[in-house]
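-1 is the number of the first residue of the sequence shown in the numbering used here; add one for each residue after it. Everything below concerns the one structure shown next.
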Amino acid sequence: MNQTVRLPTAKRIGYSACPHDCPSTCALEVELLDERTIGRVRGSKDNDYTAGVICAKVARYAEREHHAKRLLHPLRRVGPKGSGQFAPISWDDALDLVAEEFLKAERRHGTEAVWPYFYAGTMGLVQRDGINRLRHAKKYSGFHSTICVNPAYSGFAAGVGRIAGPDPREMAKSDLVVIWGTNAVNTQVNVMTHAIRARKERGAKIAAVDIYMNGTMEQADLAVLVKPGTDAALACAVMHCLFRDGKADWDYLDKYTDAPRELEAHLKTRDPAWASAITGTPVDTIEEFARLIGERKRAFFRLGYGFARSRNGAASMHAASCIPAVTGAWTLEGGGAFHNNAEIFKLDKTLIEGLDVHDRSVRMLDQSRIGAILTGDREALRGGGPVTAMIVQNTNPMSVAPDQNKVKQGFARDDLFVCVHEQFMTETAKMADVVLPATTFLEHDDVYRGGGHQYIILGPKLVEPPGECRDNHTVIAELAKRVGASHPGFAMSPRELIDQMLRVSKRGTLAELEANRWLDCQPAFRQAHYLDGFPWADGKFRFKPQWETVPFRSPYQSGPVAAMPRLPDYWAVVEEADAAHPFRLATSPARGFLNSTFTETPTSLANEKRPTVMIHPEDAVEQGIGDGDYVVLGNTRGQVRLHAKLFDGVRRGVLIAESIWPNAAYADGCGVNSLTGADPIAPYGGAAFHDNKVWVRKAE
Ligand code: SF4
């Protein structure tokens, strides 16, 4: 169990980490007003990545923590599915009921009929991933985690060989910070902190590449506006210019890369005019971007997730990651390509996840294809039987999963039993048979590792939970008892699991982490910059990736892998606009929300105002649409009604809907994911959230 909070009267600040699905994983200082109440949340000044800066939504976390609509008691459904009619139930009765339904599903269809479904509503290693221990111990259907990182990670690993790069703090020591395909102002504010420091302290330039003039583009010295899904064409043209202008570092290329002469020859025809026709970016802008990169070798490429959420996303990520290998930027402090530090921590999560009892013959179901899975698609079910029982923790698939109309159909099935363990009555919770109240990160013990930095940070329990809220670990352990799952991890407390994980991973102890608040895991410079070679057998960066064997944790490949480019190239597999669907829509992140989290907090709602789609003024005129008009977007998957905002910071033919609003905020209850597709991206699956062809018209 978690420890009881005993607050020393003199100590009014608690130390924690932001648990949300954001690479920044900020180190936090939380004002503790009493044993149940928090005040302001601040970024830790003495953590040199967070550097005292956090986003506004987490700074006012008290709005969420003490929200009047927190779920406080277990509930069971008493009306039709989705009616919102629930009655209170005791914890014991609720857990007994869930266990009974799981055992019933197992008797009827086998253990794979039960599908534990979770994601990154908390990124804590114990409270997020402990659900895997239950699934492994019981051989429940597996969870192929595809919704977020797969295209980006596999594209980065295709060249570099692993998901790690230079110390992210080196951004402040760069002469050029390229922020590519991530709106850091909205989604990971610390990137801006370090980039702006480089500008102030050493006259660095900031270049941004994105699909609309968002906050990050506005702050950049050079904003490179591209059409969605065309980033690889830009990257190819930049490399063309670097070879053409003598800015390629041939000593580096010969020593550290696999096929530089083949690359140079391949790029001869990929000049700025070629790229401009694909990206919509003026030739002069592409030339200026290439000139900056060529002149400022000490360039840090901060490559984001956004541009990889496209059917050609992995190929785009790979192409962008090739640029610093052409210039040899990797050799310099403040140079190289960084996407995420996932592979530096090397934490042994055997006890947390029950990896020692994982049976790899159990089927793995694709998280992003939940709609197809729950509506009985044979291929999505991987040839197995139906899913008839689920427990959902830390995610809200009714809102955030692609192909929403199918997801809704699936959750409406009368023969599907669903338990949702949540902090709020989300749209997924509303479809549940049993709803269990969950703790927030401030109310349980957990540990976090950075994605955008190199720290492991402790997040201990700081306040008592309201009502009858319980943490994920306790719920999973209680359920395990009732369904006959055995594993030593169920009997351990979160603190014991953290301590054990740190010890076996040779990362110290819980006591040490508690004393120091965080642990810096940054590898040495030579390793982080691959100066002794990239992690391939020949030590060479791959301009020619082997997509079939890119090192990645996924259980199987998806999509047209054999058709992927063999050298960096624009791969024309995006959902191109056509006569019936003349626009391309991207569902970029809103500043006040984090996926569907914070859509309940008053300040975020007030700042975001209402669901809106940005459209170029000339497109709006052609469609007879005025600023603020109510419009309908549609495609073969669904329709969405929202308000138009005329904005010349998008390219013609492109629509941007900053999301994710709750479905209930739209007329007809159809959220923006009614328009997004769930067809899996090559090579390892994922959802193309920013790659949708649509039509738009004024609503009647
Ligand atoms: S920037 Fe990201 S990690 Fe930092 S507080 Fe905000 S959501 Fe959390």
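Just so you know, even glycine gets a beta-carbon here, dropped at the ideal spot from N, CA and C. Just so it is clear, the structure is predicted and the values come from calculations on it, not from any experiment.
Where the alpha helix (DSSP H) containing residue i begins and where it ends
| i | result |
| --- | --- |
| residue 397 | 395 to 398 |
| residue 498 | 492 to 502 |
| residue 690 | Element bounds for residue 690: not the alpha helix (DSSP H) but the beta strand (DSSP E), 690 to 696. |
| residue 615 | 615 to 621 |
| residue 261 | 258 to 265 |
| residue 273 | 270 to 277 |
| residue 131 | 129 to 136 |
| residue 113 | It is not in any alpha helix (DSSP H) - residue 113 instead sits in the beta strand (DSSP E) that spans 112 to 116. |
| residue 388 | First-last for residue 388: 387 to 391, but that is the beta strand (DSSP E), not the alpha helix (DSSP H). |
| residue 149 | 148 to 158 |
| residue 476 | 470 to 481 |
| residue 409 | 402 to 409 |
| residue 283 | 281 to 293 |
Distance cut-off 7 angstroms: residue i Cβ against heavy atoms of the ligand SF4
| i | result |
| --- | --- |
| residue 24 | yes |
| residue 187 | yes |
| residue 123 | no |
| residue 52 | yes |
| residue 234 | no |
| residue 440 | no |
| residue 460 | no |
| residue 592 | yes |
| residue 471 | no |
| residue 467 | no |
| residue 688 | no |
| residue 398 | no |
| residue 704 | Outside the shown range of the chain, which is -1 to 698, sits residue 704, and nothing can be said about it. |
| residue 239 | no |
| residue 324 | no |
| residue 56 | yes |
| residue 668 | no |
| residue 519 | no |
| residue 146 | no |
| residue 417 | no |
| residue 16 | yes |
Presumed contact (8 angstroms Cβ cut-off) between residue i and residue j, rounded CB distance
| i | j | result |
| --- | --- | --- |
| residue 572 | residue 227 | 4 angstroms |
| residue 21 | residue 439 | Their Cβ separation, rounded to whole angstroms, is 17 angstroms, which puts residue 21 and residue 439 out of contact at 8 angstroms. |
| residue 651 | residue 580 | 7 angstroms |
| residue 565 | residue 261 | 6 angstroms |
| residue 335 | residue 159 | Actually they do not touch by this definition, with Cβ atoms about 12 angstroms apart. |
| residue 639 | residue 665 | 4 angstroms |
| residue 545 | residue 562 | 4 angstroms |
| residue 383 | residue 107 | 5 angstroms |
| residue 700 | residue 222 | With the chain running from -1 to 698 in the structure shown, residue 700 is simply not present. |
| residue 144 | residue 364 | 5 angstroms |
| residue 295 | residue 325 | 5 angstroms |
| residue 317 | residue 230 | 4 angstroms |
| residue 93 | residue 423 | Not confirmed; about 19 angstroms, so no contact. |
| residue 90 | residue 592 | That belief does not hold up - the Cβ atoms of residue 90 and residue 592 are roughly 34 angstroms apart, past 8 angstroms. |
| residue 653 | residue 692 | 7 angstroms |
Residue interval of the beta strand (DSSP E) (run including residue i)
| i | result |
| --- | --- |
| residue 15 | 11 to 15 |
| residue 220 | 220 to 223 |
| residue 425 | Unbroken run through residue 425 is the alpha helix (DSSP H), 425 to 428; no beta strand (DSSP E). |
| residue 633 | 628 to 633 |
| residue 29 | 25 to 32 |
| residue 582 | 581 to 584 |
| residue 51 | Counting along the chain, residue 51 falls outside any beta strand (DSSP E), and DSSP gives it neither H nor E. |
| residue 197 | Per DSSP, residue 197 belongs to no beta strand (DSSP E); it is in the alpha helix (DSSP H), 187 to 200. |
| residue 447 | 444 to 447 |
| residue 516 | 516 to 518 |
CB contact below 8 angstroms: residue i versus chain D
| i | result |
| --- | --- |
| residue 33 | The structure shown contains no chain D, having only a single protein chain. |
If you pair each beta-carbon of the region 429 to 449 with each one of the region 321 to 329, do three or more pairs fall below 8 angstroms? no
On the three-pair Cβ rule with 8 angstroms, is the region 259 to 272 touching the region 295 to 308? no
May I ask you to verify whether the region 169 to 187 touches the region 210 to 218, counting CB pairs closer than 8 angstroms and requiring at least 3? yes
Does the count of Cβ pairs from the region 461 to 479 and the region 125 to 135 closer than 8 angstroms reach three? yes
Does the region 244 to 264 come into contact with the region 198 to 211, if we say contact requires no fewer than three beta-carbon pairs (one atom in each stretch) closer than 8 angstroms? no
Taking 8 angstroms as the cut-off, does the region 595 to 615 touch the region 44 to 64 (at least 3 CB pairs, one atom from each stretch)? yes
Is the region 96 to 111 touching the region 75 to 82, taking contact as three or more C-beta pairs under 8 angstroms? no
Can at least three beta-carbon pairs, one atom from the region 547 to 558 and one from the region 140 to 155, be found at a separation below 8 angstroms? yes
The region 273 to 282 touching the region 341 to 353, judged by at least three CB pairs closer than 8 angstroms: no
Is the region 510 to 522 touching the region 445 to 459, taking contact as three or more C-beta pairs under 8 angstroms? yes
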